[in-house]
Ligand code: NI
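Residue numbers (this note's numbering): 735 to 909.
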């Protein structure tokens with residue numbers, strides 16, 4: 735397990751469309767562990783493999799970790815391989831989103847409130863469920879990453895350019 739650098743905008747690799755995983759092997763599980771380590775280290779709740787430079791359709795998520803009232807260090811990681819979304823609800827929910835690839839930028843994105851999700855789990859078992867609430871928002875945000883889309887791509891051009899400028903400036907100051 736290792737903490738990897740998380741790519742930030744405007745890194746061109748974030749625009750890449752990720753490829754399906756052929757089989758959930760130990761190699762893929764090792765990738766998931768690196769993703770989790772990197773996500774927890776950066777205090778995130780979701781991460782797509784492409785964010786650590788691996789363009790495969792793999793997502794890790796932990797919506798319990800760090801939640802108010804959760805026990806210290808309590809972790810409930812989830813793994814989604816080759817996820818597919820369908821039946822998005824007409825009803826939408828606004829949520830103030832952030833992203834480890836766009837640090838310190840938050841903005842409200844409106845997405846379908848519920849969506850059907852099919853995926854392979856960490857053991858390669860096919861699963862299907864209805865995502866709702868914050869889970870629905872998060873899985874749609876991560877699914878975007880697999881298709882080369884970052885949440886600021888849903889904002890106006892002006893807001894997007896401002897966000898990228900802010901991230902670039904922060905990187906310059908940190909360098
Ligand atoms: Ni993100």
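Note that beta-carbon positions come from the ideal geometry of N, C-alpha and C, so glycine has one too.
If you're wondering where the values come from, they're calculated on a predicted model, not measured in any experiment.
| Item | Value |
| --- | --- |
| CB contact flag (residue 768, residue 735, <8 Å) | yes |
| beta-carbon residue 833 near the ligand NI non-hydrogen atom, thresh 7 Å | yes |
| Contact set for residue 825: own chain, Cβ-Cβ below 6 Å, skip 5 residues either direction | 847 |
| Which of helix, strand or coil DSSP assigns to residue 761 | helix |
| Residue 813 CB to nearest heavy atom of the ligand NI below 7 Å | no |
| DSSP-derived helix/strand/coil call for residue 775 | helix |
| CB of residue 786 within 8 Å of CB of residue 772, strictly | yes |
| Meets three-Cβ-pair contact criterion under 8 Å: the stretch 836-843 and the stretch 814-824 | no |
| Per DSSP, the bridge partner or partners of residue 846 | 826 |
| Buried/exposed call for residue 738, threshold 16 Cβ in 10 Å | buried |
| Contact test: residue 875 Cβ vs the ligand NI heavy atom, cutoff 7 Å | yes |
| DSSP bridge partner residues for residue 820 (one or two, in chain order) | 850 |
| Environment of residue 845 [buried if 16+ CB atoms lie within 10 Å] | buried |
| Residue 808 CB to nearest heavy atom of the ligand NI below 7 Å | no |
| Option in 881, 812 and 784 with minimal Cα separation from residue 869 | 812 |
| C-beta atoms of residue 873 and residue 865 nearer than 8 Å | yes |
| Buried/exposed call for residue 876, threshold 16 Cβ in 10 Å | buried |
| For residue 762, the nearest candidate out of 775, 777 and 791 (CA to CA) | 791 |
| Collapsed DSSP secondary structure at residue 795 in the structure displayed | strand |
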